[in-house]
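Since the structure comes first, as structure tokens, the remarks are kept for the end.
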Amino acid sequence: MPTLAALRAFEVAARLGSFSAAARALNVTHAAISQHVRSLETHLDEKLFTRSARGMILTQAGLALSETLTEGFGMIVSGVRAITDERAHRPVNISTSPTFAEVWLMPKLGAFWTEHPDIYLQVQPYMGLSNLRADGIDVAIRFGAGQWPGLDVVPLLMSPFTVVCSPDYTEANSLEDIEDLSALYWVFSEFSSEQYAWGNRIGIDFKQQGYKELASNALTLSAVRSGLGVSIQSRVLVEDDIASGRMKVLYEGDPEGIGYYIVTLPGVLSPQVKTLRNWLLRNAEDVTTVEEIETEISEETQLP
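Offset between the sequence shown (1-based) and our numbering: plus 1354.
What follows is the structure in structure tokens.
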């Protein structure tokens, strides 16, 4: 079978009518086109061009081959274009936790749609870790320490854990130091094992007083606002509640590389995905400085 390069060189030369024009079109030398055509003629044992005063003339065999190749290469170009056009117009799928979507992402997406009306986004709130390839996810925003093997990871928001409650709750419960946190009533999302791990790390015994698991972090935040207990939350998720006075900070830990990360499949990103990633990073800089974090990750912090 002749090489694809030889077939392509002959097709372009036949279509444009000269080796020089083919060389310019393919950004190679005249000698390279000539060599490709000679190798093709040797392989086929047929002359494909004859020289005349009017230049290079296709033989009957050359004409038949050039027509077939032009049609074939045209089909290849059409097939590739169809795939790239479909990719350009299909939605960009984003996976993240329901609470992050509600509290941080969705309020900002109006600006993204205004800036990029040609990019259609589909936000898929998901409690667990989505499988990017199997679930067709283009961008995942995950909470953890940033180490997910086999994926490309970029830090988005470094957010420390914060113990919060309503102002009314602290009035009814005394709190002198961190040891007193164990005596308070805790509320958690049932899918947030990293909150338990962080609390245990600073010495909180949740079983001393009791705790309640709720079906989602949104319900947990609502319970805290209502004065039903205290909770461990990522600072970025309660920033507005703290600023408005709906919540009060009882304790705040060091970020230690913990935060939200943009996670994508390895390889070249589509222009749409790259645009979204860069927009997310620009918006995150309005909240906190995006830094490169190198840290060890424990299993407890690998939930989005």
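Ideal Cβ positions, reconstructed from N, Cα and C, are used throughout, including at glycine.
Bear in mind that the values here come from a model prediction, so they are computed numbers and not experimental data.
Beta-bridge partners of residue i, as assigned by DSSP
i: PRO1697; result: With the chain running from 1355 to 1658 in the structure shown, residue 1697 is simply not present.
i: GLU1365; result: GLU1365 is not bridged to any residue.
i: GLU1400; result: According to DSSP, GLU1400 bridges with nothing at all.
i: PHE1497; result: TYR1614
i: SER1585; result: VAL1518
i: TYR1565; result: TRP1540
i: ASP1506; result: THR1618
i: ARG1405; result: MET1410
i: LEU1511; result: TYR1614
Classification of residue i by the beta-carbon crowding that lies within 10 angstroms, buried from 16 upward
i: TYR1474; result: exposed
i: ASN1447; result: buried
i: ALA1509; result: The sequence shown places Pro at residue 1509, not Ala. Buried, since its Cβ has 16 or more Cβ neighbours within 10 Å.
i: VAL1518; result: buried
i: ASP1534; result: exposed
i: ALA1494; result: buried
i: ASP1472; result: exposed
i: THR1404; result: exposed
i: GLU1425; result: exposed
i: THR1642; result: Caution applies to THR1642, whose pLDDT of 40 falls short of 50 and renders its modelled position unreliable; the model cannot decide the point.
i: ILE1558; result: buried
i: GLN1476; result: exposed
i: VAL1627; result: buried
i: ILE1387; result: buried
i: ARG1496; result: buried
i: SER1451; result: buried
i: THR1492; result: Looking at the sequence shown, residue 1492 is not Thr but Asp. Buried, by the Cβ-count rule.
i: GLY1500; result: buried
i: MET1410; result: buried
i: GLY1498; result: buried
i: SER1434; result: The residue you asked about is not Ser; residue 1434 is Val in the sequence shown. Classification of VAL1434: exposed, given that the 10 Å Cβ count is below 16.
Contact check, residue i vs residue j, beta carbons under 9 Å
i: SER1520; j: VAL1578; result: yes
i: HIS1397; j: ALA1359; result: no
i: LEU1370; j: ALA1363; result: no
i: SER1598; j: GLU1567; result: no
i: THR1618; j: LEU1486; result: yes
i: LEU1423; j: ALA1385; result: no
i: PHE1351; j: LEU1623; result: Outside the shown range of the chain (1355 to 1658) lies residue 1351, about which nothing can therefore be said.
i: LEU1575; j: TYR1539; result: no
The stretch 1601-1621 in contact with the stretch 1502-1521 per 3-pair CB rule at 8 Å
yes
Contained beta strand (DSSP E) runs [length at least 3] in the stretch 1594-1633, N- to C-terminal order
1602-1606, 1613-1618
Cβ contact check for the stretch 1600-1607 and the stretch 1567-1586: 3 or more pairs under 8 Å
yes
List in chain order: all unbroken alpha helix (DSSP H) runs of 4+ residues lying wholly within the stretch 1410-1491.
1414-1443, 1460-1469, 1486-1489
The stretch 1458-1465 / the stretch 1403-1417 touching (three or more Cβ pairs under 8 Å):
no
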